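One line per chain: the protein sequences are D and A, in this order.
Okay, so the first sequence: first residue is 1 according to the numbering used here, each after it adds one.
Okay, so the second sequence: first residue is 229 according to the numbering used here, each after it adds one.
Yeah, the Cβ is synthetic: ideal placement off N, Cα and C, and Gly gets one too.
Quick caveat: nothing in here was measured; it's all calculated off a predicted structure.
Number of protein chains: 2
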Amino acid sequence: MDQGLKFPLYRFEKAVDLTQTLQNGMPVYPGDPSPSFDPAATIAKDGVNLTRMTLGSHTGTHMDAPVHFVANGIGIDEIPVSSLIGEALVIDFSAKSIGSGINVDDLKAKLDGTLVEGLFVLCYTGSSDHWGDPETNSNFTYLTADGAEYLVGKKIRAFGIDFLSVEKFHERSAPAHKALLQNGIFIIESLSKELKQFAGKRIFFISLPLKLKLGDGAPCRSIAIPIE
Amino acid sequence: MDQGLKFPLYRFEKAVDLTQTLQNGMPVYPGDPSPSFDPAATIAKDGVNLTRMTLGSHTGTHMDAPVHFVANGIGIDEIPVSSLIGEALVIDFSAKSIGSGINVDDLKAKLDGTLVEGLFVLCYTGSSDHWGDPETNSNFTYLTADGAEYLVGKKIRAFGIDFLSVEKFHERSAPAHKALLQNGIFIIESLSKELKQFAGKRIFFISLPLKLKLGDGAPCRSIAIPIE
């Protein structure tokens, strides 16, 4: 039976925000600069509201560029904008206990036969359900070194996760970051728990970081467009 | 002759960045906080590159939320993400001398009969060709009060311009900002001169600001997707 050509339909009018809100007191990776957002002018005093923002380049939902860990890697402003838009697979690892590692076998079980070159892979781990809980800031689900190597082999475009880092907490040698970034695979960290509703689905994903000159990373706005 | 249904084709793979680069020494609206971007950690010393950023909420390519000038207006985080994506008309006013006002007659001549409700309207004025030239920071092409009222009447979604402000320099009563923002029409300022290539065309436009809690505005990343 000929069903004719089928086009994926991107439902832009149903876009969902996957971004954490930037505000005073928000969680950051332990040791990163403390963000602050304070009035620089107010309507009452000056006739206009303006804000002075001080923050690290990896605050809130953000993107890591290769130069975060690779000395001669490209900066966040050098990632072509066409690479920041595309289809993504959202995979659910929330059945694993918070703080465990997502390894090659976990990924194979979810992705073998489904994953094609050039897709974003976004993991909902459930850690994002604990955003703002200080205990989780040093105990969140991460990507193992062999998991990262598997994704490199699959030539994914970029990898996203729903908490402060893709890396096991305080793993100074940063094997997951380095495997991905050395291969030009950029990383999106601290996606919000809104990712959960797309678990197991393919979405159209847009993640636009600030255009920081040679930036090691930058806060970004990340949104999901349902595909029907 | 029946030509069948026609669908616009969004060429995501040909996306063009319309965003100014954030860097030390970049131009800002006179009186705004001076931005600075400095290393907080380096690979040589710390094994990782991190940046500390200090900047005003209206630095570089950015979006104004209603609460910038309207005391009870919504914040930048309250603009629905589906409103940040959509079709835009790009109009060219570079034939007017830099520093002049775009008024209701100018807009009527370009837009009457073409403009439909809900579109973005983006103006290339040529001021962006002088980005970094200090003289232009206090003498750039702007939108007049009657021009803003015309756009309000047309129920556009948002208005973009290619320099530091939509407003005549140092016009403290801010009639263009207020007319637009009081009617929920948000504003994108400091789009780059890359806008020029789309003069007279309709594009698919994505402009994602940082999600700053109740922010009066925020730096954004703005991109053009050609339509074929």
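Between the options, which lies nearest to residue i when the distance is taken from Cα to Cα?
{"i": "ALA158 of chain D", "options": "D:PHE169, D:ASP146, D:HIS177, D:PHE140", "result": "D:HIS177"}
{"i": "VAL166 of chain D", "options": "D:VAL16, D:PHE69, D:ASP112", "result": "D:PHE69"}
{"i": "THR353 of chain A", "options": "A:ARG449, A:LYS429, A:LYS324", "result": "A:LYS324"}
{"i": "LEU316 of chain A", "options": "A:LEU371, A:THR282, A:ILE330, A:ALA427", "result": "The question names Leu, yet the displayed sequence has Ala at residue 316 of chain A. That would be A:ALA427, whose Cα lies nearest to the Cα of ALA316 of chain A."}
{"i": "ILE43 of chain D", "options": "A:ASN367, A:SER322, A:LEU419, A:ARG400", "result": "A:ARG400"}
{"i": "PRO258 of chain A", "options": "A:SER328, A:PRO362, A:THR249", "result": "A:PRO362"}
{"i": "GLN425 of chain A", "options": "A:SER322, A:GLY284, A:SER366, A:ILE434", "result": "A:SER322"}
{"i": "THR54 of chain D", "options": "D:ILE223, D:ALA218, D:ILE227", "result": "D:ALA218"}
{"i": "SER34 of chain D", "options": "A:ALA268, A:SER264, A:PRO263", "result": "A:ALA268"}
{"i": "PHE120 of chain D", "options": "D:GLU228, D:ILE223, D:ASN24", "result": "D:ILE223"}
{"i": "PHE414 of chain A", "options": "A:SER264, A:LEU379, A:LEU423", "result": "A:LEU379"}
{"i": "LEU37 of chain D", "options": "D:LYS45, D:GLY47, D:THR59, D:ASP46", "result": "Rather than Leu, the amino acid found at residue 37 of chain D in this sequence is Phe. When only C-alpha atoms are compared, the closest one is D:THR59."}
{"i": "GLY113 of chain D", "options": "D:ILE102, D:SER83, D:ILE98, D:LYS154", "result": "D:LYS154"}
{"i": "SER328 of chain A", "options": "A:GLY301, A:ALA299, A:LYS396", "result": "A:LYS396"}
{"i": "ILE455 of chain A", "options": "A:CYS448, A:MET291, A:LEU423, A:PHE432", "result": "A:PHE432"}
{"i": "GLN251 of chain A", "options": "D:MET26, D:GLY86, D:GLY75, D:LEU195", "result": "D:GLY75"}
{"i": "ALA402 of chain A", "options": "D:PRO27, D:MET26, D:ASN49, D:PRO8", "result": "D:ASN49"}
{"i": "THR136 of chain D", "options": "D:ASP105, D:VAL104, D:ASN103, D:ILE98", "result": "D:ILE98"}
{"i": "ALA71 of chain D", "options": "D:LEU9, D:VAL116, D:GLY184", "result": "D:GLY184"}
List the endpoints of the continuous alpha helix (DSSP H) containing residue i.
{"i": "ILE319 of chain A", "result": "Not the alpha helix (DSSP H): ILE319 of chain A falls in the beta strand (DSSP E), residues 313 to 320."}
{"i": "ILE203 of chain D", "result": "Unbroken run through ILE203 of chain D is the beta strand (DSSP E), 202 to 209; no alpha helix (DSSP H)."}
{"i": "ALA323 of chain A", "result": "It is not in any alpha helix (DSSP H) - ALA323 of chain A carries neither H nor E in the DSSP assignment."}
{"i": "GLU149 of chain D", "result": "145 to 153"}
{"i": "VAL309 of chain A", "result": "It is not in any alpha helix (DSSP H) - VAL309 of chain A carries neither H nor E in the DSSP assignment."}
{"i": "VAL178 of chain D", "result": "The question names Val, but residue 178 of chain D in the sequence shown is Lys. Residues 175 to 182."}
Using DSSP bridges, identify the partner residues of residue i.
{"i": "GLU189 of chain D", "result": "D:HIS62"}
{"i": "ASP245 of chain A", "result": "A:ILE451"}
{"i": "ALA218 of chain D", "result": "D:MET63"}
{"i": "GLY388 of chain A", "result": "A:LEU350, A:ILE416"}
{"i": "LEU22 of chain D", "result": "A:LEU440"}
{"i": "TYR142 of chain D", "result": "D:GLY101"}
{"i": "TYR257 of chain A", "result": "For TYR257 of chain A, which the question treats as bridged, DSSP gives no partner whatsoever."}
Is residue i near residue j, with beta carbons less than 9 Å apart?
{"i": "LYS213 of chain D", "j": "THR289 of chain A", "result": "no"}
{"i": "ALA109 of chain D", "j": "ALA148 of chain D", "result": "no"}
{"i": "ALA65 of chain D", "j": "LEU181 of chain D", "result": "yes"}
{"i": "ILE389 of chain A", "j": "THR372 of chain A", "result": "no"}
{"i": "GLY215 of chain D", "j": "VAL81 of chain D", "result": "no"}
{"i": "ARG11 of chain D", "j": "ILE225 of chain D", "result": "yes"}
{"i": "HIS170 of chain D", "j": "SER127 of chain D", "result": "no"}
{"i": "THR279 of chain A", "j": "SER207 of chain D", "result": "no"}
{"i": "LEU339 of chain A", "j": "VAL318 of chain A", "result": "no"}
{"i": "GLY118 of chain D", "j": "GLY86 of chain D", "result": "yes"}
{"i": "VAL332 of chain A", "j": "ASP274 of chain A", "result": "no"}
{"i": "MET26 of chain D", "j": "GLY132 of chain D", "result": "yes"}
Which two residues bound the contiguous beta strand (DSSP E) that contains residue i?
{"i": "ALA269 of chain A", "result": "264 to 269"}
{"i": "GLY56 of chain D", "result": "50 to 56"}
Given 8 Å as the limit, tell me if residue i has its C-beta closer than that to any heavy atom belonging to the ligand FMN.
{"i": "GLY253 of chain A", "result": "The model depicted lacks the ligand FMN and carries no ligand whatsoever."}
Contact the segment 187 to 207 of chain D vs the segment 8 to 19 of chain D: 3+ CB pairs below 8 Å = Short answer: they touch.
In chain order, what residues of the segment 432 to 453 of chain A put their CB closer than 7 Å to some CB of chain E?
Among the protein chains of the structure shown, namely D and A, there is no chain E.
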